[in-house]
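Numbering (the working numbering), first residue to last: 11 to 149.
Comments concern the structure below.
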């Protein structure tokens, strides 16, 4: 019991038990990043989207949440869906059909160019992308 308590305390202190969702960023080579940077305009919002929704302004967060509800309310399946999981650049609408016996999910991507990180990252095809960090340094 003592060892279990020590492990639990250690995990708590180091943050391993945090329920805070971690942002996922896909790093791209320079040429791939340049194509996206040139062809996908950056969406103008205050802050950026991330799984916790803590880095977006309150007004933008309210608008995003309302848009998610609106988007989930009109599924092609005919099921009554609601926003279930927000991942930053995409979210999942989830609901049931046939009296609750069938679960239906729809995955929705945010608009390409939506900021998703503090260093210029942006959403592209539902994924947060950024220039590979080792290519941004000049010594």
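Note that CB positions come from ideal geometry on N, CA and C, so glycine has one too.
For residue 142, the secondary structure class from DSSP, reduced to helix, strand or coil, is coil. The DSSP-derived three-state label of residue 119 is strand. Shown here for residue 65: same chain residues with a beta carbon closer than 6 Å to its own, the five before and five after excluded, namely 57 and 58 in chain order.
Closest in C-alpha terms to residue 55, from the list 136, 137, 128 and 42, comes 128.
Secondary structure note for residue 133: its beta strand (DSSP E) is the uninterrupted segment 132 to 134. For the pair of segments examined, the segment 44 to 55 was found not to touch the segment 81 to 95: the number of CB pairs separated by less than 8 Å stays below three.
Distance check between residue 109 and each of 120, 88 and 123 places 88 closest, using alpha-carbon atoms only. In the three-state DSSP reduction, residue 109 falls in the helix class (H, G or I).
The beta carbon of residue 46 sits closer than 6 Å to those of 134, all from its chain and outside the five residues before and after it, given in chain order. Distances from the CA of residue 75 to each of 102, 130, 112 and 90 were compared; the closest alpha carbon is that of 102.
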